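Throughout the sequence shown, residue numbering follows the UniProt record's numbering, covering 1 to 448 in sequence. Backbone N, C-alpha and C define an ideal beta-carbon position, used for all residues, glycine too. As the structure is a prediction and not an experimental result, all values here were calculated from the model.
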Amino acid sequence: MAAEMKQSVVACLTVAAEDTMDLMTMDPGQHRSWRVALYYCYIDLSNVPDHVEFHRHLCKNLSLKGRIRVSSEGLNGVLTGQLVDLKQYEDKVLKQLLDLGTHQSQSNTIDLNIKYCFLREDLPILPQLFDKLICKETSSVICLFDNFHPAGTAASSTKENRNSRSKQNNRRVRRKKQRQEEKKHQSGKDVSEEQVTLVAELPRIQNAMMTLSPSQHLTTEEWNVKLQNADGENALLLDVRNVYESRVGHFSVSNVPTLLTNTRKYSDLPELLAENPNIKDKEEVFMYCTGGVRCERVSMMMQAMYPQTKVYQLKGGIQTYLQESDNKQMCLFKGKNFVFDPRRTDPVHRGETVGRCLICEAPHDDYDNGHAPSENKEARCNTCRMLVLVCNQCRSGYLCWGESEREDTKSYGADLEGNRSKETRPWLYCAIDRCVHEGAKPQPELLK
1 MAAEMKQSVV ACLTVAAEDT MDLMTMDPGQ HRSWRVALYY CYIDLSNVPD HVEFHRHLCK
61 NLSLKGRIRV SSEGLNGVLT GQLVDLKQYE DKVLKQLLDL GTHQSQSNTI DLNIKYCFLR
121 EDLPILPQLF DKLICKETSS VICLFDNFHP AGTAASSTKE NRNSRSKQNN RRVRRKKQRQ
181 EEKKHQSGKD VSEEQVTLVA ELPRIQNAMM TLSPSQHLTT EEWNVKLQNA DGENALLLDV
241 RNVYESRVGH FSVSNVPTLL TNTRKYSDLP ELLAENPNIK DKEEVFMYCT GGVRCERVSM
301 MMQAMYPQTK VYQLKGGIQT YLQESDNKQM CLFKGKNFVF DPRRTDPVHR GETVGRCLIC
361 EAPHDDYDNG HAPSENKEAR CNTCRMLVLV CNQCRSGYLC WGESEREDTK SYGADLEGNR
421 SKETRPWLYC AIDRCVHEGA KPQPELLK
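Now the structure itself:
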């Protein structure tokens, strides 16, 4: 009996090892059977714990891993797995949304906005897959107003919010100090009284926007046509993503300026958009994000802030736009699409390099310097830990967050002189020699 059990264990380990070897292949044919599924759905859920357990059980049965947020206002998830299994997941989730008390009477009113994204073929399969499933109850689909809790509305009692209150208080203190410093060193552009009022009214705006519908969605073709025909004086392209996302890729249209918000996190947007002078007098605003989930809420907030402005959002975000833009159709997006999964960037792009090395300003858009993101070799600021772009030549000359002097610098190539100095390397920050993001307000950038 013991011998049989030993043989069984050895057989299982052998199969597991063979499966792992298969996932380290660089064969494009194998890559195409796997996908990253990116989805969201804003829908009323009255029994959130039941939904959490449903997703955990379903993902376990289908061998899917990733992250899923489940809240009373809907779902937001990113999963990796084989395409056939992800398709089964989509079918079962759509059915479950009808069966577990969503109060929807027709299946065609539910849309997961699911995008099936390709793996990068320059990396093996395994490092591009999530290694575990995190499915949890949250206070919202995505946290736009984490920095603000309106009077009269209690913050959610979830563990996530309870643990973040002290951090929010610290952020408020830092923002106050930052405003005091900015008043001492104000540049030529003053914030108008109207915009100051908008910032003060953000709690009211948060409540008001929830009575509105998301702004009009534009398909890829509609997006291109409207942008190319837009009046540059009265129109604005708005990137609602974070600074490390837009640094490797963004939309660029010759006749319409692009506002890169340069935020560190999504919840920085309300205050930034309320006080930015480039938005106030625009007749049309075209906004975009990675997959669409962030624009759904920001577009509602923008309508509450600037009711006279016509707000559009890109349907399916950059991900759908790039998948639908083939060589026959003009592509207005330049660079790579940053993603929040083990790939770091989506493989669908046109070859342009938008990013620049922080040190030498040479074209560079690989945060991981040739490594798989799962290897944790990315360059980060030693204070705020934000991702920074440093080219292979400059990488060995600095110590990034999480590194030590004893690390082998050959992982990042030689320095500019072709040597590996044994002297102590300087610490790297998001502005080379200092951090400019920790505790500071975002500094938006207008591209014309």
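Helix, strand or coil at residue i [DSSP, three-state]
i, result
"residue 455", "Past the edges of the chain, shown from 1 to 448, lies residue 455, and the structure says nothing about it."
"Leu-269", "helix"
"Val-225", "helix"
"Ser-71", "strand"
"Thr-263", "strand"
"Cys-430", "coil"
"Ala-274", "helix"
"Glu-394", "Residue identity check: residue 394 is Cys in the sequence provided, not Glu. DSSP places Cys-394 in helix when its eight states are reduced to three."
"Glu-445", "strand"
"Cys-295", "helix"
"Arg-241", "coil"
"Met-302", "helix"
"Arg-385", "coil"
"Arg-380", "strand"
"Thr-211", "coil"
"Leu-399", "strand"
"Thr-345", "strand"
"Val-339", "coil"
"His-371", "coil"
"Arg-350", "coil"
"Glu-324", "helix"
"Pro-203", "helix"
"Ile-318", "helix"
"Thr-424", "coil"
"Leu-144", "coil"
"Leu-198", "helix"
"Gly-413", "Below a pLDDT of 50, predicted positions are generally treated as unreliable, and Gly-413, at 49, falls in that range; the measurement from the model is reported next regardless. Here Gly-413 sits in coil by DSSP."
Classification of residue i by the beta-carbon crowding that lies within 10 angstroms, buried from 16 upward
i, result
"Glu-245", "buried"
"residue 449", "Residue 449 lies beyond the stretch modelled for the chain, which goes from 1 to 448, so this question has no answer here."
"Ser-404", "exposed"
"Phe-145", "buried"
"Asn-337", "buried"
"Glu-53", "exposed"
"Pro-373", "buried"
"Met-209", "buried"
"Ser-215", "buried"
"Thr-211", "exposed"
"Gly-134", "Residue identity check: residue 134 is Ile in the sequence provided, not Gly. Exposed, by the Cβ-count rule."
Beta-ladder partner(s) of residue i, from DSSP
i, result
"His-217", "Gln-313"
"Cys-135", "Ile-68"
"Phe-130", "According to DSSP, Phe-130 bridges with nothing at all."
"His-250", "Lys-334"
"Phe-286", "Leu-237, Tyr-312"
"Lys-115", "Leu-38"
"Arg-356", "Pro-363"
"Val-256", "Val-253"
Below-8 Å beta-carbon distance, residue i vs any chain D residue
i, result
"Leu-314", "The chain labelled as chain D is not found in the depicted structure, where only one protein chain is given."
Distance cut-off 7 Å: residue i Cβ against heavy atoms of the ligand ZN
i, result
"Gln-393", "Annotation note on the ligand ZN: not contained in the displayed structure, which lists no ligands."
Notebook entry, point to check: Do the segment 429-441 and the segment 371-388 touch if we need at least three Cβ pairs shorter than 8 Å?
Noted result: yes
Margin query: Going residue by residue through the segment 18-99, where are the continuous alpha helix (DSSP H) segments of at least 4 residues, counting only ones entirely within it?
Written below: Secondary structure in the segment 18-99: the alpha helix (DSSP H) runs of 4 residues or longer, each lying completely within the stretch, are 28-31, 48-62, 83-99 in chain order.
Checklist line | Meets three-Cβ-pair contact criterion under 8 Å: the segment 270-279 and the segment 294-308 | finding: yes
Notebook entry, point to check: Looking at C-beta atoms only, is the number of pairs between the segment 72-79 and the segment 22-39 that lie closer than 8 Å three or more?
Noted result: A contact between stretches requires three or more CB pairs, one per stretch, nearer than 8 Å, and the segment 72-79 meets this requirement with the segment 22-39.
Notebook entry, point to check: Counting Cβ pairs closer than 8 Å, one from the segment 118-127 and one from the segment 137-144, do we hit at least three?
Noted result: no
Next item on the list: Would you check if the segment 242-258 and the segment 351-360 touch, i.e. whether three or more CB-CB distances between them fall below 8 Å?
Entry: yes
Margin query: So, does the segment 392-399 touch the segment 254-263, judging by three or more C-beta pairs under 8 Å?
Written below: no
Check: Are the segment 46-63 and the segment 88-99 in contact at 8 Å, needing three or more beta carbon pairs?
Finding: yes
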